[in-house]
Amino acid sequence: MLTSAESLPLTSVANSSTQPNPKRFCMENLKVIVVGAGMGGLTTALAMRQAGYDVEVYDRVKALRPAGAGISLWSNGVKVLNRLGLGSEIARIGGLMEQMAYYDGKTGDVLTRFNLSPLVERVGQAPYPVARTDLQQMLLSALGADQVQLDKRCVAIEQNANSATAIFDDGHRATGDVVVGADGTHSIIRSYVLGHGTERRYVGYVNWNGLVPVSDELAPPDSWDIYVAHGQRASVMPVGDNRFYFFLDVPLPKGTENNPDTYRQELSDHFSGWAQPVQTLIQQLDPDKTNRVEIHDIEPLKALVKGRVALIGDAAHSTAPDLGQGGCQAMEDAWALASYLATTNISVADALQRYQDRRLERVAQIILKARKRAEMTHGKVPTKTQQWYTELASEDGTKIMAAIAQTILLGPMH
Ligand SMILES: Cc1cc2nc3c(=O)[nH]c(=O)nc-3n(C[C@H](O)[C@H](O)[C@H](O)COP(=O)(O)OP(=O)(O)OC[C@H]3O[C@@H](n4cnc5c(N)ncnc54)[C@H](O)[C@@H]3O)c2cc1C
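According to the numbering used here, the stretch in the sequence shown is residues 130 to 543, in order.
So this is what it looks like as structure tokens:
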């Protein structure tokens, strides 16, 4: 399997200039095992394939179904898709989000409304909110749905100097030059890389989300509208096919009842007295197609790689969704990892180490920034949240767009 010079000791590379080996200076013909076929794993598989590598993808489920209804792909995520040749496809399935507005949830008064074009001009690419099933379908079609081996739960990892192996619960062993742990927030490969388990930390609020048809009663069709009051949020943003992705956030203790039969009543109680569009949203949502999530994150990790095994996506960084960056970071990871493998020539472990060096601080900052924002928007210190509402009323969009642009441009796709 290993045909590149990365299996040679460094000294033999340095001393063998009289016997040139054309393969010695790049890691060609690698075989990459990807565990997990979420948006992170699928993007990794596409990036590795574009780099010319053999890729095998495994997932524990019998049928792939994305968790959650929609996702906002900010420009850094979209830029990765552009590099993978999926630019027109994501533009086709993504929503046209041209403006953004905050409202006082109780009175319905506009706090601020602004056009997002200065942000797009600053970062060079529009964001695309997208339905998760559409995103998954796009990635799967690009890869080939039959390329994912389903019903394969990874239970262990092994590696030696020349290869790494993912071992599955049915006894199957997948051996390659690299194993990528894209197995999400409950990752078992993370435990292998770190040598210990990690605790998920409750961020302090519950999020209901789903899709509803676009309607003027809710928001202008090209706008991300957000109603805020008392540390709660109600929001819609446009995704493709004339739908809004909605979410409603409520700070609640951990472990409250989760029963779709009572979602509508519960939300009506939590948002009692809020502006009419919020009431309309609660009446229009389909409780059986609504997701309810207790929002967690994980402290930034100290390592993302071990030898030939790398973590990406939520396995590497579980973040609160308050910057809309978890999935975008998974895409940045995928691109960065494939790039280091394709462009360096020392060893697989060296390329993975470079990946870690580049990504560790970036993803740690995203986790901490998202946590801080979650606390500020969800009333952890009520006076701070109130101050934010006051600031929103004098905002013309400049500060909000500058903060979003900074998050995007600090990554590799600037
Ligand atoms: C409410 C909410 C809103 C969000 N909004 C945004 C947003 O607007 N923008 C954004 O960028 N991000 C957002 N995120 C974050 C985003 O959803 C995640 O970061 C992203 O889905 C992570 O993708 P992943 O591929 O790493 O993990 P996952 O999507 O969790 O995929 C992991 C895959 O691994 C498989 N798997 C797990 N264990 C094993 C095993 N042992 N063996 C084999 N397979 C296994 C699973 O079946 C799954 O298919 C949001 C998250 C939440 C909760």
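Heads up, the beta-carbon is just placed ideally off N, CA and C, and yes, glycines get one too.
Is the separation between the beta-carbon of residue i and that of residue j shorter than 8 Å?
| i | j | result |
| --- | --- | --- |
| Val322 | Val239 | no |
| Ala293 | Val438 | yes |
| Asp81 | Met226 | Outside the modelled stretch of the chain, which goes from 130 to 543, sits residue 81, for which no answer is possible. |
| Gly169 | Val368 | no |
| Ala174 | Val190 | no |
| Ala499 | Leu539 | no |
| Phe441 | Leu466 | In the sequence under discussion, the amino acid at residue 441 is Ile, which differs from the Phe named in the question. Closer than 8 Å, so yes. |
| Val407 | Tyr374 | no |
| Asn338 | Gly455 | no |
What do you get for residue i, buried or exposed, if any count of 16 or more other CB atoms within 10 angstroms of its CB means buried?
| i | result |
| --- | --- |
| Ser364 | buried |
| Gly384 | exposed |
| Asn387 | exposed |
| Glu520 | exposed |
| Glu346 | exposed |
| Asn336 | buried |
| Ala274 | exposed |
| Gly333 | buried |
| Val259 | buried |
| Ser141 | Because Ser141 carries a pLDDT of 31, less than 50, the predicted location of this residue cannot be relied on, and no value is offered for it. |
| Asn150 | The predicted position of Asn150 is uncertain, since its pLDDT is 48 and thus under 50; a value taken from the coordinates is nonetheless stated next. Flag for Asn150 reads exposed. |
| His507 | buried |
| Asp263 | buried |
| Pro544 | An answer regarding residue 544 cannot be provided, because it is not within the stretch 130 to 543 covered by the chain. |
| Gln458 | buried |
| Glu328 | exposed |
Could you give the DSSP three-state label for residue i: helix, strand or coil?
| i | result |
| --- | --- |
| Gly170 | helix |
| Lys191 | coil |
| Lys435 | strand |
| Pro550 | The structure shown has nothing for residue 550, since the chain only spans 130 to 543. |
| Val510 | coil |
| Ser364 | strand |
| Ile427 | coil |
| Leu440 | strand |
| Ser320 | helix |
| Gly455 | helix |
| Leu470 | helix |
| Val492 | helix |
| Pro256 | coil |
| Asp280 | coil |
| Glu545 | This structure cannot settle anything about residue 545, because the visible part of the chain is limited to 130 through 543. |
| Ile355 | strand |
| Ala285 | strand |
With a CB to CB cut of under 8 Å and the five nearest residues on each side skipped, what residues in its chain are close to residue i?
| i | result |
| --- | --- |
| His525 | It should be pointed out that residue 525 corresponds to Asp in this sequence rather than to His. Excluding positions up to five away in sequence, the list reads Thr241, Phe243. |
| Ala534 | Leu248, Arg251, Val252 |
Between which residues of its own chain and residue i is the CB-CB distance below 6 Å, once the five residues before and five after are set aside?
| i | result |
| --- | --- |
| Leu381 | Val335 |
| Gln413 | Val341 |
| Met460 | Thr172, Gly206, Val209 |
| Gly237 | Ala404 |
| Met177 | Val161, Val184, Ala467 |
Residues in its own chain within less than 7 Å of residue i by CB, not counting five upstream and five downstream?
| i | result |
| --- | --- |
| Tyr331 | Lys383, Glu423, His425 |
| Ala445 | Leu430, Leu433, Asp462, Val492 |
| His399 | Gln361, Val379 |
At which residue ranges does the region 197 to 245 contain complete alpha helix (DSSP H) runs of 4 or more residues, listed in the order of the chain?
Within the region 197 to 245, the complete alpha helix (DSSP H) runs of at least 4 residues are 204 to 212, 216 to 222.
Which ranges does the alpha helix (DSSP H) cover as unbroken runs of at least 4 residues, wholly within the region 292 to 353, from first to last along the chain?
For secondary structure counted as the alpha helix (DSSP H) over 4 or more consecutive residues, the region 292 to 353 holds these complete runs in sequence order: 318 to 323.
3 or more residues per run - each beta strand (DSSP E) lying fully within the region 374 to 423:
If we require 3 residues or more, the region 374 to 423 turns out to have no beta strand (DSSP E) run fully inside it.
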